[in-house]
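> Just so you know, numbering that gives the first Met the number 0 puts 211 at position 212 of the sequence shown, and the rest follows in order with no gaps.
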Amino acid sequence: METIKVSIIEDQEDYRKTLQMMVNGTSGFLCEQVHPNGEMALSGIPQQIPDIVMVDLGLPGISGTECIRQLKLKLPKIQFIVLTVKDEDDEIFDALTAGASGYLLKSTPPTKIIESIREVYDGGAPMSAQIARKVVESFRKPTKTRKNPYEDVLTKREKEVLSLLSKGLFYKQIAGELFISIETVKSHCHNIYEKLHVSTRTEALKEYYYKDFKEE
């Protein structure tokens, strides 16, 4: 199994050390880089180029979101997971727009954090359930009845997968709910994104559920 290289940007020393120990204590994961602020991360991360960077938003100095934005421009292949206590709508969408692939609250259990790293590495976009709900609710508008042009584009199973994605479920949880393999879930997600002409969970939810469609 290929080792997933992780870097952490977190200003709270105890939590930073805990995360590093958790990652290094999991087979197939390695965290050699930790940074207490964005400035040090901007300098150090390009030297080693990890696969996944876990970022706190409430950093001293340069914000976590700005750190993501600058690193994503320089190193577009690196994937970012926000791990924070912040769940305000503006914070969430600023981070996702800057290039974050996942958004987790610090209350997320350790096993889910590790699972999220793997999922992002495999092309997924995990979110805490609370965050997924906020993303979905942000798209809701009191609109007239409309015809969804994608209704006949997605298969029944793809709609089921998309519905579970909208609830913040991870690949493993979706697989369990639908009694299918994780690889099959990944395949369905790939097909959904392709059919909706999007590349992320957030874009897929917005495109399918809450885009304004013209009545026929």
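Note that beta-carbon positions come from the ideal geometry of N, C-alpha and C, so glycine has one too.
Quick one: Cα of Glu153 to Cα of Lys133, how far?
Within the sequence shown, the letter at position 154 stands for residue 153. Within the sequence shown, the letter at position 134 stands for residue 133. Correcting the residue type first, residue 153 is Leu in the shown sequence and not Glu. Distance between the alpha carbons of Leu153 and Lys133 is about 24 Å.
> Using the beta-carbon count (16 or more within 10 Å), is Phe223 buried or exposed?
What the structure shows of the chain is the stretch from 0 to 215, and residue 223 is not part of that stretch, so it cannot be assessed.
> Glu114: which of Ile8, Tyr14, Glu9, Val22 sits nearest, CA to CA?
Here residue 114 refers to the residue found at position 115 of the sequence shown. For the residues Ile8, Tyr14, Glu9, Val22, the minimum Cα distance to Glu114 belongs to Val22.
> Taking the alpha-carbon of Ile44 as reference, which of Ser62, Asp86, Lys4, Glu87 has the nearest alpha-carbon?
One-based indexing of the sequence shown puts residue 44 at position 45. Of the candidates Ser62, Asp86, Lys4, Glu87, the one whose C-alpha sits nearest the C-alpha of Ile44 is Lys4.
> Between the Cα of Tyr192 and the Cα atoms of Tyr207, Lys166, Ser180, which residue gives the shortest distance?
Counting from one through the sequence shown, the residue named residue 192 turns up at place 193. Nearest C-alpha to Tyr192: Tyr207.
> When we look at the beta-carbon of Lys155 and count the other beta-carbons within 10 Å, is it buried (16 or more) or exposed?
Against the sequence shown, residue 155 aligns to sequence position 156. So Lys155 counts as exposed.
> Say whether the region 8 to 28 touches the region 53 to 60, bearing in mind that this needs 3 or more beta-carbon pairs closer than 8 Å, one atom from each stretch.
Yes, they touch.
> Does DSSP put Phe92 in a helix, in a strand, or in coil?
Looking up residue 92 in the sequence shown gives position 93. In the structure shown, Phe92 sits in a helix (DSSP, three-state: H, G or I).
> Would you check if the distance between the CB atom of Gln19 and the CB atom of Cys30 is smaller than 8 Å?
Counting from 1 along the sequence shown, the entry for residue 19 is found at position 20. Counting from 1 along the sequence shown, the entry for residue 30 is found at position 31. Yes; because the gap between Cβ atoms is below 8 Å, this pair is in contact.
> CB Leu104 to CB Val119, shorter than 8 Å?
On the sequence shown, position 105 is the one that residue 104 refers to. On the sequence shown, position 120 is the one that residue 119 refers to. Going by C-beta atoms, Leu104 is not nearer than 8 Å to Val119.
> From the DSSP output, in three-state form, read off Lys4 for me.
As a first step, residue 4 is located in the sequence shown; it is residue number 5 there, counting from the start. The answer is strand: DSSP assigns Lys4 an E or B state.
> Could you tell me which residues DSSP puts in a beta bridge with Ala99?
Residue mapping note: residue 99 aligns to position 100 of the sequence shown, counting from 1. Ala99 is bridged to Phe79.
> Provide the residue(s) that pair with Met216 in DSSP beta bridges, ordered along the chain.
Outside the shown range of the chain (0 to 215) lies residue 216, about which nothing can therefore be said.
> For Leu161 and Ser186, what's the separation of their Cα atoms in angstroms?
The sequence position of residue 161 within the sequence shown is 162, counting from 1. The sequence position of residue 186 within the sequence shown is 187, counting from 1. C-alpha separation (whole angstroms): 12 Å.
> For a test of the three-state rule: what should DSSP assign to His34, helix, strand or coil?
Reading the sequence shown from its first residue, position 35 is the one you call residue 34. Strand at His34.
> If we call anything under 8 Å between Cβ atoms a contact, is Ser100 one with Ile80?
For the purposes of this step, residue 100 is taken as residue 101 along the sequence shown, with counting starting at 1. For the purposes of this step, residue 80 is taken as residue 81 along the sequence shown, with counting starting at 1. The answer is yes: Cβ separation under 8 Å.
> Measure the C-alpha to C-alpha separation of Pro59 and Ile48 and round it to an integer number of angstroms.
Position 60 of the sequence shown, counted from the first residue, corresponds to residue 59. Position 49 of the sequence shown, counted from the first residue, corresponds to residue 48. Each residue's alpha carbon lies about 23 Å from the other.
> I need the boundaries of the beta strand (DSSP E) containing Val152, first residue and last residue.
Translated into the one-based positions of the sequence shown, residue 152 becomes position 153. Val152 -> no beta strand (DSSP E), and no H or E assigned at all.
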